[in-house]
Structure formats: structure tokens, C-alpha cells
Amino acid sequence: MTQTKADINFEKELWNAANELRGAVAENQYKDYVLPLIFLKHMSERYEMRRDELMDAFEDEASNYYGLSEDDRNYVLEDPDEYLSKNTYIIPKKATWEFLQDNAERDNIKVLVDEAFDTLDETLGAFRPELKGILPRIFVKSQLTSRQVGGLINLLSHPKLSVKENPESDILGRVYEYYIGKFAIAEGSGAGQFFTPGSIVRLMVEMIEPYKGKIFDAACGSGGMFVQSLKFLEAHGGDKRNISIYGQERYSGTLRLCKMNLALRDLSFDVRLGDSLLQDKFPDLEADYILVNPPFNVSQWHPEDLPDKDPRLFGPKEEFTTDGNANYMWMQTFWSHLSNTGTAAVVMANGAMTTGNKGEKNVRQHMVDEGMIDAIVRLPDKLFLTTGIPACIFILSKNRDGKDGVHRERKEEILFIDMSKMGRMESRRLRVFDEADLIKAVEAYHAWRNLPNKDNAPYENQDGFCYAATLEEVQKQDYKLTPGIYVGIEEEEDDGIPFEEKLAILKAQLKEQFREGEDLKRKILDNFDQF
Amino acid sequence: MGSYTNKEGKGIPLLNGPTEFGYSHPAPTQFTNQPKKLSVQGDLLFCVRGSTTGRMNFSDQVYAIGRGLGAIRGKNSYSTRYVKYLIDFYLDRMLALCTGSTFPNLSRSDLENFLIRTPDPKQANDIAGVLSAIDDKIENNLAMNQTLEEMAMALYKHWFVDFGPFQDGEFVDSELGPIPKGWEVKGILEVADLLSGGTPKTRVSEYWGGNLNWVSAKDIGNEGTIYISETEKKISYLGLNNSSAKILPENTVIVVARGSVGKFGIISSPMAMNQSCYGLYSTSEFSQGTIYLIISNLIEEFKRKSYGSVFDTITTSTFKTTSVIYPQEKIIFYFNQIVDPLFKMIRSKVTENIMLSDLRDTLLPKLISGEVRLKEFREEVESAL
Chain A
797 MTQTKADINF
807 EKELWNAANE
817 LRGAVAENQY
827 KDYVLPLIFL
837 KHMSERYEMR
847 RDELMDAFED
857 EASNYYGLSE
867 DDRNYVLEDP
877 DEYLSKNTYI
887 IPKKATWEFL
897 QDNAERDNIK
907 VLVDEAFDTL
917 DETLGAFRPE
927 LKGILPRIFV
937 KSQLTSRQVG
947 GLINLLSHPK
957 LSVKENPESD
967 ILGRVYEYYI
977 GKFAIAEGSG
987 AGQFFTPGSI
997 VRLMVEMIEP
1007 YKGKIFDAAC
1017 GSGGMFVQSL
1027 KFLEAHGGDK
1037 RNISIYGQER
1047 YSGTLRLCKM
1057 NLALRDLSFD
1067 VRLGDSLLQD
1077 KFPDLEADYI
1087 LVNPPFNVSQ
1097 WHPEDLPDKD
1107 PRLFGPKEEF
1117 TTDGNANYMW
1127 MQTFWSHLSN
1137 TGTAAVVMAN
1147 GAMTTGNKGE
1157 KNVRQHMVDE
1167 GMIDAIVRLP
1177 DKLFLTTGIP
1187 ACIFILSKNR
1197 DGKDGVHRER
1207 KEEILFIDMS
1217 KMGRMESRRL
1227 RVFDEADLIK
1237 AVEAYHAWRN
1247 LPNKDNAPYE
1257 NQDGFCYAAT
1267 LEEVQKQDYK
1277 LTPGIYVGIE
1287 EEEDDGIPFE
1297 EKLAILKAQL
1307 KEQFREGEDL
1317 KRKILDNFDQ
1327 F
Chain B
1006 MGSYTNKEGK
1016 GIPLLNGPTE
1026 FGYSHPAPTQ
1036 FTNQPKKLSV
1046 QGDLLFCVRG
1056 STTGRMNFSD
1066 QVYAIGRGLG
1076 AIRGKNSYST
1086 RYVKYLIDFY
1096 LDRMLALCTG
1106 STFPNLSRSD
1116 LENFLIRTPD
1126 PKQANDIAGV
1136 LSAIDDKIEN
1146 NLAMNQTLEE
1156 MAMALYKHWF
1166 VDFGPFQDGE
1176 FVDSELGPIP
1186 KGWEVKGILE
1196 VADLLSGGTP
1206 KTRVSEYWGG
1216 NLNWVSAKDI
1226 GNEGTIYISE
1236 TEKKISYLGL
1246 NNSSAKILPE
1256 NTVIVVARGS
1266 VGKFGIISSP
1276 MAMNQSCYGL
1286 YSTSEFSQGT
1296 IYLIISNLIE
1306 EFKRKSYGSV
1316 FDTITTSTFK
1326 TTSVIYPQEK
1336 IIFYFNQIVD
1346 PLFKMIRSKV
1356 TENIMLSDLR
1366 DTLLPKLISG
1376 EVRLKEFREE
1386 VESAL
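Chains as they are written, first to last, in my numbering: chain A, 797 to 1327; chain B, 1006 to 1390.
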């Protein structure tokens, strides 16, 4: 897919438009106003498109709908099933975008928007209870003027932003992503939980290949991991009906965004509200894939509130948790939610690779000794929009015994990949991976993990990049998991000049410098005589 | 801007500011196909904005220059070199004119309206000749040091990485790969002591500004010099005694462990250092020069091994888990004998450069203002060279 310059320009306008909300709405709340409108517009346009499609069918001789009577036609046009089969819903007039656009200049537009939200919420909720409550009444009670709201509606009405005008372009999805990305910047350092950069998600997805089965994200934020998985699936010719999505998110506002994000893309899902650390909302879930970027280094998370016999814990609560850092409680949570062939890709703070804190190190040690860790990937810094903090990826897997006929037996090994020197600075603050970087890491992992096959070159350790360590080697390094310890350093590029020749060149150079030095000395002294 | 610049050497070398400046001319790292302004060889590149306003370099080739730099060319028979010394002399007064709020910012009109007194071109260019001979010698010393260091490094690699002189003998396996028979692998802390530093309390003013050099990362690797002879901050003996800072013996090799991880150098006289650095002092037959070469060869490995929750850090365990090859003593002695004179030479050139730049700084104002005649300085100069 080519990303044209025009897209970038229109994205800039979107940002400027959001800035018009400035003053009335805090920056980190722009999304709460803009995104529901975009969602409504999308739902409304899809309804129109399906309706137009049916109308066309009435006139099309090749269609089953051809030649229906006036009454039958009206019946068809109002039959919800005709829409549901295309993942669309009949939207009552006052919840359509057209209606809002027509009334954008009116003084009571704030009321009309809130009513439209209510109506849409009810309409969707009637067919899909999980969507109930995603569109709250927020415009009337906001500080926005009716002119600002009208302006916003007019702006979002631009034909460029229409699915109808640009079918197949996923334009609203992209607008949505753009806003989430931009707002993540405005959100400040707390936005890690809200947005995982595409580079990282893409790497994780390509590595663990979630083709089908249950995908779980215990800190799902706005659902970016799921959307990326969907893209991966589409790119590899998969079918989204083969995956089911489970997510848990602590903040209700973010969970609403997540639901809209998933509904926009016709994904079915089960996402629930709650703090995964203390209230596991899916106690029985066994996921085939876990993709997750939990908040880093959460302290004071109250492990004392965990039941003593919490089934997720690897051992006694006092020894396997610490109030100072929840990183390894997350790890235990993910492990407990993997099916017996499941694989998890987890974004983690770097500190987790080496921390010596008892409540964390015990868990790490247990994970190494029990062969739970499949691979560790060290990431470069500046990959995140909002923080320069360097991070890593832990791949955990229960599918390491080599019995599935696809993957190699590797219970006594851990693959270390060091990407800390990779990526390209896209701006002064943000680094991204190039396609070649992603391919290099993904291929190394697959070559190591998979049984030899025609698609993969056999795995080889590469100095400075990847190394398959035995558990014994890791134990010898006191369970430290920093890839740098294992991968060694890159073979220095030899200039190819033999030593004798190099020394001869340097010698000649030095002689010349000595001679020059003598000349200069003389010149300096002579200068003093001349004056 | 971004799309027109590259680091692959396509187009004309680009300078946006003084980042790439060297002692007298820049070492460019980026290039552009769409230059806006060009400097020609011999021009004086002059930094016009920001905290680095007034920094200068000569244009040794054609450069594309950004808005932060100006190109100055002598005219009316005044050499560009003379203009440079003129600016050196008047810089403080020029900066005082600057209008920038936080940082200085010199405009074209600021420069055009700046009036100076100057001798006739002949005399002016003679003055420039005197001063630039000194600058050229400083640069010559730097280049010489570069060559000497490369030689030492090439010798080290040849002997202890490629085992060039020992190819005819027998090799045995070791944890560092095959090594000549009779050699050993030792932990780096078995061949050198690890020394640490400290910082006197910053709010006690008596601890600071004394006579004792106190090394921090900033003092290391400046202008390509491996020796640290002068530090930005100094402490007093009182400060030394009331902190964990210690005096390190001369020639201690210093490695930065936090912050600019992996910068390293040698101190040319006894000094103290802060706690972000480690010092290495030989407890074996290796000379300090050889220790320097060993560290230089290991530094990438240290950087790889460095870890920390937010910032990478070299820790004592980084050193503990690092091994080096340890040849028979007679080989070490022999190697020391070859490289030690190279290091001594480097050090003497560093010292010479300090004297030369002192001399230039003393002469410059007096010559530009026409206060002295050179002959009066002859004796002092002869002792410096």
C-alpha cells in the first residue's frame, strides 16, 4: 500500500481541527469528543451504503431483489437482517451523519449530538449487547460552544474523510489511529498504556503469528494489538472469523475507545473492565496468543489484596510478588492464561531483564529454570512516542516440546536477539523500524524456532545480533536476560589492509608529520626574529 | 529538510552548526543534494546563534551551510586568517551586542556595524602568520598523536587479537577461542585494580574550586586527545578528604560508566574523579599504555553488556565477567617496550599543545592591539617547543 503525501496533509488538517477544541476541552480529552463522532459517521455511512446497495439491487435484473413490489421493497429496506448480514445496522434518521450535518449550524446542535449518541447506542446495543454504553452523552455538559461543535462536524464531513467516497481505504480507521497516536503525545508520559507504537506491535505479531484461535490482551488499551493482528491476518490471507478476541482494560474511557475501534473493523470481541492484576476477569480463559504491553514498573499495586492461593502465582505470595513492581505479576498472569500450546509476546521495561529484587527475580529464575521463556528481544530507545525509555520483548511459550510437527524442541534454550542498534530516527524524537529490521529479527526467531523447512534458512548465531543460549549459560550469568551479555559483539569490519602494510603507511605518515612539525617549529621561531 | 539530507555521502557535505567542528576544520557527517548557501575553501565558518555563538572553523572544502553558520572571507587585502584572530580578540565585545534572549544571536548587521582598529594589511597578515604557525603546530601535534595511537592499536591487534607474531607456535583452546600455548585467560580484575571516585558535597563551597583536577565525563575525549590533563571542575583537598573521591595515580585509565557510557581516556597527572567513572590501574606486568589498549579493544563489549532500568550502566560486575588474554611475562615486557614510547610521545605532544595554546592566547591580544614586539617573546617560545 502506498502512503501518499496527500494523506499526510489531511492528517495535519485533522490535527489543526482538533486544536480548535483548545480552550474548551483539555488536550487529553480531544479523543473523547472526536472519536465518537467519527464512529457515528462511520456507522451512518455504512448504513447508507448498504441501503444504496439494496436500492441498486431492485433495479438490477441479475439480482434476487429485482422486480419487487413497492411494499416488498419497503419491507426489505427496513429489515434489520438485510443489514446485519453485512455487519451493518439500520440507523434511525436522527442518529445519521446527514442529519447532524444538516443541523450543524443550529444553536441546539450539542443536544442533537447527544441525542444521536443515545439513539445509536440503543440501536447497536439491541443487536450487540457488548456495544451498549460506548457512546456517552458528553456534548451538552461540555464547555464547547455550539459553533465549535458545528465546525467540528463540518470538518469531519470532508469528502476525503468519507468511507463512501473512498471505499476500501479504511480511511476512518486511519483517522482513528492517527488521532489515537496524536493524542497519545498530548496525553504525556502516562500514555504508554494507551498506545503501543506500530513498529513494536508489528514485530510481536510477525514473530508469534496469531493466525487463528483466541487472542488475549490483559492490558488492551484502545485495542491496537488486536487491530494489528487483524492487519497481519489480512496480509497473510487469513480469515478474521478464525480469531476471537479477549481483552481487559482498567479504564472505562479507554475501554469504550477499544470497543469502537474493534466495532469499526467488524471484529467480534469480549473485552471487560477491571484491573487485571487484582481482578482477573477471565479466570478460565486459555488463550492461544497473548499480545500485550502492560504498564511498566507499576508500584504500590497492593499485592496484599491477592488471595493467598491465587492460581496465577508460581509460588508463595511473599516470595513471588513485590509491592515495588508489578512487572512479574503481569508475567505470572500471562503465563496462567496461555493454553497448553499458547505463546505470549510481552513488551517489558528493560529493568525486568536484570532486576535483583527478590519478589521479581524469584519469578524470573523460575521462568528460566522451567523453560517458560522462548526468546528475549532488546529494543532500541526512542521507539515510544511519549517516553525515551528503552524496552524489550519477552516471548513466553508453552509450545516448546517439538511435538506439534512445526516447531523444534527447544526447552533447554533461550533465543536472545539484540535490536538495540537497529531502527531509523524518523524525527528527532521517534525511531521506527525499517522493513529490513523487522524481517531480520523475525527470520532469526523463526529459523531458530521452527523445524527446518524450505521457507527458512537454517538458524545461525550472529555476533552482535542473536544467540541461542542454553539454560545453563543463563544460570551462569545469574539469570540476567540482557541480550548484550550473550550475543557478543559484531565482527569489526576489517579494512582489509595487512598489518605490515598498515604499519608502513602509518610510519610514513608519522615521518611526514615529524618533518612538518620541525618546519613549523623553525617557522615559529623565525617569526620572532622578523618582527 | 529531512528528505534532502543523507549520511551516505551523496551531494555536498552539510554543516548546520558547530557539531562537526574540529580543531581547525570540520569532519562532516551529513550531506545534501539541495544546498542553500555554500562556503568555499579558506572561508571562515562562524557560528552565529545559540550557546556556541562565536565558535569558528576553517572551511577546508566546499560546504553547504545552514542558518546557524556564516561564512566570512577576508577582503581589501586582509587575509581570512587575520580576520579570524581579529574575531578571537573582539569576540567578548561582539557577544555583548547580542540580542538573543537566552542565547546569543549575532545578526549580519551586528557584524557589519562592528568597528575595529586595524593595522595595514601587510602588518596584519604578518601577525596572522605568526599566530597561525602556532595553530598549525598544534594541529600537527594532534595529527601526530592520532597516528601514534593508531600505530599502538594496530600493534595490539596484530599481537593479541590476530596473534600475528605467534602463528608458527602451537595453539590451545580457551574460553576466548584458540590462544598460543602457554598463554592464559584472566579476569580483567586479575590484571588491574578497579578504582572508584566520588563527589564532594556541592553545597559546601570550600570543597570546590581548589587545585585538584576532578574528572567527569565532559573532560574525556575532547578534541581527540586520549590524555586528560585539565578538568572543567576542580576540588580542594578539603573536598577530597570529606568525600569518597580519591587521588588516582597518573596514567590511570578512566572509563565512563554512567551517562556517556564507554568514553575513556588516561589521566596525565594525579587527579580525582566523580563516581560515574571507573579507573583501571595495572596490578600485573601490563603497562598503563597496554591497559589503555586492552580497554580500547573491550569497550564495545562493555557497552553491549551495560544494562540498567532506564539508563545503560557499566557496573563492577561488567568488569568481573570480562576476561583478557594474558601472555607470558616476557612477551608482555617486550610489547610494553614497543608501545610505551608511543604513549610517552603522545603525552609530551599533549603537554606541548597546552603550552602552545597558552602562548597563542597570550600573544594574540598583544599583537592585535599592537602592544608588543615579538622579539620580547623569543625566549619563552623556545622553552615551550
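Think of the CB as a built atom: it goes at the ideal place given N, C-alpha and C, for glycine as much as any other residue. The model shown is predicted, which means the values in this text are computed figures rather than measured ones.
What residue range does the beta strand (DSSP E) around residue i cover?
i	result
Gly1169(B)	Neither: Gly1169(B) is in no beta strand (DSSP E) and is coded neither H nor E.
Gly1280(A)	Careful: Gly1280(A) lies outside any beta strand (DSSP E), inside the alpha helix (DSSP H) at Pro1279 to Val1283.
Asn1216(B)	Trp1213 to Val1220
Asp1084(A)	Ala1083 to Val1088
Ala1145(A)	Leu1134 to Ala1145
Asp1214(A)	Glu1209 to Asp1214
Gly1270(B)	Phe1269 to Ile1272
Phe1190(A)	Ala1187 to Ser1193
Met1061(B)	Met1061 to Phe1063
Val1260(B)	Val1258 to Val1261
How would you write the range of the alpha helix (DSSP H) that residue i sits in, first residue to last?
i	result
Gln948(B)	The structure shown does not extend to residue 948(B), since chain B is modelled only from 1006 through 1390, so no value can be given for it.
Thr1085(B)	Thr1085 to Ala1101
Met851(A)	Tyr826 to Glu855
Tyr879(A)	Pro876 to Leu880
Ala1243(A)	Glu1231 to Arg1245
Ile1077(B)	No alpha helix (DSSP H) holds Ile1077(B); the beta strand (DSSP E) holding it covers Leu1074 to Ile1077.
Leaving aside the five residues before and after residue i along the sequence, list all residues of the same chain whose C-beta is less than 8 Å from its C-beta, in chain order.
i	result
Leu1267(A)	Val1164, Asp1165, Gly1167, Glu1208, Glu1209 and Ile1210
Arg1196(A)	Gly1167, Asp1170, His1203, Glu1205, Arg1206 and Lys1207
I'd like to confirm the pairing. Which residues does DSSP put opposite residue i in its beta bridges?
i	result
Ile1330(B)	Val1190(B)
Ser1287(B)	Ala1197(B)
Cys1016(A)	Paired residue(s): none; Cys1016(A) is not in a bridge.
Arg1068(A)	Gln1044(A)
Gln1258(A)	Cys1262(A)
Thr1037(B)	Thr1010(B) and Ile1017(B)
Using a Cβ-Cβ cut-off of 7 Å (strictly less than) and excluding sequence neighbours within five positions of residue i, which residues of its own chain qualify?
i	result
Leu896(A)	Leu908, Val909, Ala912 and Ile949
Ala1237(A)	Leu999, Val1173, Ile1213 and Met1215
Phe1340(B)	Trp1164 and Thr1295
Gln989(A)	Since pLDDT at Gln989(A) reaches only 47, below the 50 mark, its modelled position is unreliable, and no value is offered.
Lys1276(A)	Met1149 and Thr1150
Pro1254(A)	Ala1243 and Pro1248
Glu1255(B)	Ile1272, Ser1273, Ser1274 and Pro1275
Leu873(A)	Arg847 and Leu850
What three-state label does DSSP hand residue i in the structure shown?
i	result
Ala1265(A)	strand
Asp1165(A)	helix
Ala1069(B)	strand
Ser985(A)	The predicted position of Ser985(A) is uncertain, since its pLDDT is 43 and thus under 50; a value taken from the coordinates is nonetheless stated next. It is helical.
Tyr1007(A)	coil
Leu1063(A)	coil
Pro1031(B)	coil
Tyr1161(B)	helix
Lys1317(A)	helix
Met1276(B)	strand
Phe1176(B)	strand
Leu1102(A)	coil
Between residue i and residue j, which are expected to be in contact by the criterion C-beta below 8 Å, what is the C-beta distance as a whole number of angstroms?
i	j	result
Phe1348(B)	Val1196(B)	Incorrect: roughly 18 Å between the Cβ atoms, too far for contact.
Gln1293(B)	Ser1287(B)	6 Å
Ser1135(A)	Glu1082(A)	4 Å
Asp1048(B)	Ile1077(B)	7 Å
Met1144(A)	Ile1086(A)	Not a contact, Cβ separation roughly 13 Å.
Gly1284(B)	Ile1259(B)	5 Å
Ser1072(A)	Thr1129(A)	6 Å
Leaving aside the five residues before and after residue i along the sequence, list all residues of the same chain whose C-beta is less than 6 Å from its C-beta, in chain order.
i	result
Tyr1161(B)	Leu1298
Ser1084(B)	Asn1130 and Ala1133
Gly1203(B)	Ser1248, Ser1249, Ala1250 and Gln1280
Tyr1282(A)	Phe1212, Tyr1263 and Ala1265
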